[in-house]
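Quick note on numbering: UniProt numbering labels position 115 of the sequence shown as 115, and the sequence is numbered without any gaps. Cβ coordinates follow ideal geometry from the N, Cα and C atoms, glycine included. From a predicted model like this one, the values you see are computed outputs, not experimental measurements. Heads up, the thing below is written out as C-alpha cells.
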Amino acid sequence: MRAVQITEFGGPEVLKVSDVDEPVAGDGQVLITVDRAGVNYADTHQVENSYLSKAELPLIPGGEVVGHTADGRRVVALVGSGGYAEKAVAHAPYAFDVPEGVKDGEALALVLQGTTAWHLLKTSTHLQPGESVLVHAGAGGVGTLAIQLAKLWGAGRVIATASSEEKRKLALELGADAAIDGDPEGLKDRIIEANGGKPVDIVLEMVGGPTFDESFDALGRFGRLVTFGSASRQAAKAIEPARLMKGSKTIAGFWLADCFKTPALLGDPLKELFGLAVEGKLRPIVGGDYALSDIATAHEDMRARRTVGKLTLDPTR
Numbered sequence: 001m002r003a004v005q006i007t008e009f010g011g012p013e014v015l016k017v018s019d020v021d022e023p024v025a026g027d028g029q030v031l032i033t034v035d036r037a038g039v040n041y042a043d044t045h046q047v048e049n050s051y052l053s054k055a056e057l058p059l060i061p062g063g064e065v066v067g068h069t070a071d072g073r074r075v076v077a078l079v080g081s082g083g084y085a086e087k088a089v090a091h092a093p094y095a096f097d098v099p100e101g102v103k104d105g106e107a108l109a110l111v112l113q114g115t116t117a118w119h120l121l122k123t124s125t126h127l128q129p130g131e132s133v134l135v136h137a138g139a140g141g142v143g144t145l146a147i148q149l150a151k152l153w154g155a156g157r158v159i160a161t162a163s164s165e166e167k168r169k170l171a172l173e174l175g176a177d178a179a180i181d182g183d184p185e186g187l188k189d190r191i192i193e194a195n196g197g198k199p200v201d202i203v204l205e206m207v208g209g210p211t212f213d214e215s216f217d218a219l220g221r222f223g224r225l226v227t228f229g230s231a232s233r234q235a236a237k238a239i240e241p242a243r244l245m246k247g248s249k250t251i252a253g254f255w256l257a258d259c260f261k262t263p264a265l266l267g268d269p270l271k272e273l274f275g276l277a278v279e280g281k282l283r284p285i286v287g288g289d290y291a292l293s294d295i296a297t298a299h300e301d302m303r304a305r306r307t308v309g310k311l312t313l314d315p316t317r
C-alpha cells in the first residue's frame, strides 16, 4: 500500500511516499481503510523526533484517520502513528462511529483538536461563566474550536491571537470578541487592552517562549494558564513559586495522550462535540485537503503559519 514512511528524522524534506506492507489488525484492534488522515502540528515534532514521546524508525506518521472498517462502519480513530497511509490499525476503544451529518474533515478535527479544546476549557482551566479567555492561534485547529466552545459555555469575553488580518477576521467570525496580533513584542499590553483594560482569567497557550511569558504576565488574580504545545520551539522563562503565589495564579499542562488509558476521557467529550456539530452549534474548520504525495508541502505550510483550521490528507492521491 502507499504510505508516507520516514527512515530518518528531519524536516518536511524527509517525508516521502513509499510502498509498504499493509498493517494487520491484532486482538482488540480494527483495520481501517483510510478515506482521510489528519495532519497536526505535533506531527512536525514527531518527524524531527522532538515530541514528548520519542519516535522510532522507520515511522509512518499520522495520529488520526477517518474511514471504513471491513464490516462497513464509518469511524474516526486515534492511531498514535501510521495514519499517513491507505490503511491503518486502531485499538477498538479508540475507533468512534461518525454520525450522519459530520463530514470526514470535521470528524478528524473533532476527534483530536476538539477533544483537546474540550479538556483545556473544562478539565485544565475549569472555565466558569463570565470569565475571560485568551486563545492563542485562534485560527488554528484547536483555536477555532476553543473560541466557539468558550462562547457556548458562557465565557464573558474571548480574545484570540492570530498572525494575519485574514486569520483575525476568521476568529471574529467564529465568535471571538477581539482578535489581536500574536507577535510576542508588547503582547501583554495588547491582551489587557483587548480585555477592556483588565488582566484575563484563562489563557490557552501553545506557542511557548516569550509568548508564554507575556501571557503569564497578562493573567489576573486566580488566573489559569494551560500550556499544550511549543510551536515556537523556544523555552519560556522559569516561573518562580513566588510569582504563582502573588495573584494566586495557576499553570497547568495538557497532553491528549494522557487520556488514552481511559477511553471515556475521549469518547464522552467527542460524543458531546459530535452532537453540537450536528445541531449546527459548532463549526469545525477544515483549512486544506492535501494529496498524500504533497505531505511535505502540508508540513511546510503548517510550519510557516499559512494554514487555518484542520488539515487533511487524501491517501488516494
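Listed in chain order, the alpha helix (DSSP H) elements of length 4 or more contained wholly in the segment 5 to 79 are 41 to 48. Uninterrupted beta strand (DSSP E) stretches at least 3 residues long and entirely within the segment 207 to 281 occur at 219 to 227 and 250 to 253, given in chain order. Remark: C-beta atoms of V286 and F254 do not approach each other more closely than 7 Å.
The DSSP-derived three-state label of V308 is coil. With a beta-carbon spacing of about 18 Å, G197 and T161 fall beyond the 8 Å limit used to define contacts. The alpha helix (DSSP H) runs of length 4 or more contained entirely in the segment 140 to 165 are, from start to end of the chain, 141 to 152. Counted as a single uninterrupted DSSP element, the alpha helix (DSSP H) harbouring A298 occupies residues I295 to R303. Between G143 and P12, the alpha-carbon positions lie close to 24 Å from each other. By the CB criterion at 7 Å, D301 and T307 fall inside the cutoff. Unbroken alpha helix (DSSP H) stretches of 4 residues or longer found wholly inside the segment 94 to 123: 104 to 108 and 115 to 119, given in chain order. Where A178 is concerned, there is no enclosing alpha helix (DSSP H), although the beta strand (DSSP E) around it starts and stops at A178 to D181. For H91, the beta-bridge partners assigned by DSSP are Q29.
R157 places its beta carbon 7 Å or farther from that of D189.
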